[in-house]
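A.B. asks: So for the sequence shown, my numbering puts the first residue at 195; every next one is plus one. Note that beta-carbon positions come from the ideal geometry of N, C-alpha and C, so glycine has one too. Have a look at the structure that comes next, please.
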Amino acid sequence: MRILVISDIHGNAGVVDKALGEQKEYDAVLCLGDLTDMYNTPQGFSQTDVADIILQKILSQGKPTLCIPGNHDPYEIIGLLNEYGVNLHNNHKTIDGIKFVGFGGAATPFNTLYEPTEEETLASLTKNTTAGVVLATHMPPKETKLDMIDQGKHVGSAAIRKIILEKKPLFAASGHIHEAAGIDKLGNTVLMNPGPLFEGKYGTVDIRGKEVKCELKTTKH
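Shown next, in the form of structure tokens:
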């Protein structure tokens with residue numbers, strides 16, 4: 195299975211078209227949150243309206259899609275994800291024999307819209323995660339290449355790190371830290387932060403049995 199991994203769209207619907215137009219050969223889409231931006235919503239539109247437009251663009255490709263909210267997304271967006279049948283937040287779904295587990299939102303110092311606690315994150319992922327799954331979180335695991343901000347500080351989730359080390363997912367994808375796009379490993383789990391799609395960054399992952407191959411990509415200008 196080839197999965198198109200996108201995150202941190204922040205309302206930029208045009209770049210969604212670019213990424214989808216460039217990557218025709220994929221089997222599913224995994225969206226890691228921040229479809230919208232709490233500080234930049236067009237006049238006359240709600241954030242849910244913006245998320246609806248973006249989801250329709252993704253779903254128009256006819257590929258199985260799974261999505262979680264980010265910290266910029268209002269919690270109400272989960273109702274929209276459920277309406278479209280794509281909600282992976284606090285949930286698990288299976289596509290072509292591969293189990294996906296997800297949990298969205300992220301704790302920040304900025305009082306953004308959806309900031310679950312570490313305890314909530316740990317409880318949900320403990321309940322849903324088993325060995326060999328694909329794990330999708332908005333927040334990256336702590337103390338990895340994927341959670342380091344420009345000042346050199348690690349700001350990821352200790353709960354997510356704990357789940358990865360204990361439950362041993364096959365692959366774990368996260369977003370949120372725009373400057374930390376990359377590929378890493380934690381134990382035997384392959385990690386990816388595809389980078390923010392609003393900057394044209396995204397990724398693909400090929401999963402064949404227990405083999406995982408990731409690639410970071412940037413849209414052509």
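Please classify residue 288 as buried or exposed, where buried requires at least 16 neighbouring CB atoms within 10 angstroms.
C.D. replies: Residue mapping note: residue 288 aligns to position 94 of the sequence shown, counting from 1. Exposed.
A.B. asks: Comparing C-alpha positions only, which one of 306, 199, 293 and 297 sits nearest to residue 230?
C.D. replies: Here residue 230 corresponds to residue number 36 of the sequence shown, with the count starting at 1. Looking at the Cα atoms, 306 is the closest of the given residues.
A.B. asks: Give the C-beta separation of residue 383 and residue 196 to the nearest angstrom, bearing in mind that I take them to be a contact with Cβ-Cβ under 8 Å.
C.D. replies: Against the sequence shown, residue 383 aligns to sequence position 189. Against the sequence shown, residue 196 aligns to sequence position 2. Residue 383 to residue 196, Cβ: 19 Å. No contact.
A.B. asks: What number of angstroms, rounded off, separates the C-alpha of residue 209 from the C-alpha of residue 246?
C.D. replies: As a position in the sequence shown, residue 209 is number 15, starting the count at 1. As a position in the sequence shown, residue 246 is number 52, starting the count at 1. In a straight line, the C-alpha of residue 209 is about 15 Å away from that of residue 246.
A.B. asks: In terms of residues, what are the limits of the alpha helix (DSSP H) holding residue 317?
C.D. replies: As a first step, residue 317 is located in the sequence shown; it is residue number 123 there, counting from the start. Note, residue 317: alpha helix (DSSP H), 312-322.
A.B. asks: With a CB to CB cut of under 6 Å and the five nearest residues on each side skipped, what residues in its chain are close to residue 396?
C.D. replies: As a first step, residue 396 must be located in the sequence shown, where it is residue number 202. Hits under 6 Å: 200, 213, 388 and 411.
A.B. asks: Would you report the Cα separation of residue 404 and residue 292, rounded to the nearest angstrom?
C.D. replies: For the purposes of this step, residue 404 is taken as residue 210 along the sequence shown, with counting starting at 1. For the purposes of this step, residue 292 is taken as residue 98 along the sequence shown, with counting starting at 1. One C-alpha to the other measures close to 11 Å.
A.B. asks: Apply the 10 Å Cβ neighbour rule to residue 282 and answer buried if 16 or more other Cβ atoms are within range, or exposed otherwise.
C.D. replies: Here residue 282 corresponds to residue number 88 of the sequence shown, with the count starting at 1. By the neighbour-count rule (16 or more Cβ atoms within 10 Å), residue 282 is buried.
A.B. asks: Within the present structure, is the beta-carbon of residue 363 separated from the nearest heavy atom of the ligand GDP by less than 7 Å?
C.D. replies: For the ligand GDP, the structure offers nothing, since it holds no ligand at all.
A.B. asks: Under a Cβ-count criterion, where at least 16 other Cβ atoms within 10 Å of its own Cβ denotes burial, should residue 380 be classed as buried or exposed?
C.D. replies: To locate residue 380, count along the sequence shown from 1; it is residue 186. Residue 380 comes out buried.
A.B. asks: Could you round the C-beta distance between residue 274 and residue 242 to whole angstroms and report it? I think they count as a contact, below 8 Å.
C.D. replies: Against the sequence shown, residue 274 aligns to sequence position 80. Against the sequence shown, residue 242 aligns to sequence position 48. About 6 Å; that satisfies the 8 Å criterion.
A.B. asks: Suppose you measure from the CA of residue 254 to the CA of residue 211; what does that come to, to the nearest Å?
C.D. replies: The count along the sequence shown starts at 1 and reaches residue 254 at position 60. The count along the sequence shown starts at 1 and reaches residue 211 at position 17. Those two C-alpha atoms are separated by around 10 Å.
A.B. asks: Which value, in whole angstroms, describes the spacing of the CA atoms of residue 266 and residue 222?
C.D. replies: Here residue 266 refers to the residue found at position 72 of the sequence shown. Here residue 222 refers to the residue found at position 28 of the sequence shown. Cα-Cα distance, rounded: 24 Å.
A.B. asks: Could you tell me which uninterrupted alpha helix (DSSP H) segments, each at least 4 residues in length, are contained entirely in the region 344-368, listed from first to last along the chain?
C.D. replies: Those alpha helix (DSSP H) runs which fall completely within the region 344-368 and span 4+ residues are 352-361.
A.B. asks: Given that a residue counts as buried once 16 or more other Cβ atoms are within 10 Å of its Cβ, and exposed if not, what is residue 290?
C.D. replies: As a first step, residue 290 is located in the sequence shown; it is residue number 96 there, counting from the start. Its Cβ having fewer than 16 others within 10 Å, residue 290 is exposed.
A.B. asks: Within a Cβ cutoff of 8 Å, which residues of the same chain sit near residue 206, ignoring the five residues on either side of it in sequence?
C.D. replies: Position 12 of the sequence shown, counting from 1, holds the residue named residue 206. Result list for residue 206: 391 and 392, in chain order.
A.B. asks: Closest to residue 285 by CA distance: which of 277, 360 and 295 is it?
C.D. replies: By 1-based counting over the sequence shown, the position of residue 285 is 91. The shortest C-alpha separation from residue 285 is found at 295.
A.B. asks: Leaving out five residues before and five after residue 302 in sequence, what residues of the same chain have Cβ atoms less than 7 Å from its Cβ?
C.D. replies: Numbered from its first residue, the sequence shown carries residue 302 at position 108. Counting only Cβ-Cβ distances below 7 Å, and skipping sequence neighbours, we find 265 and 309.
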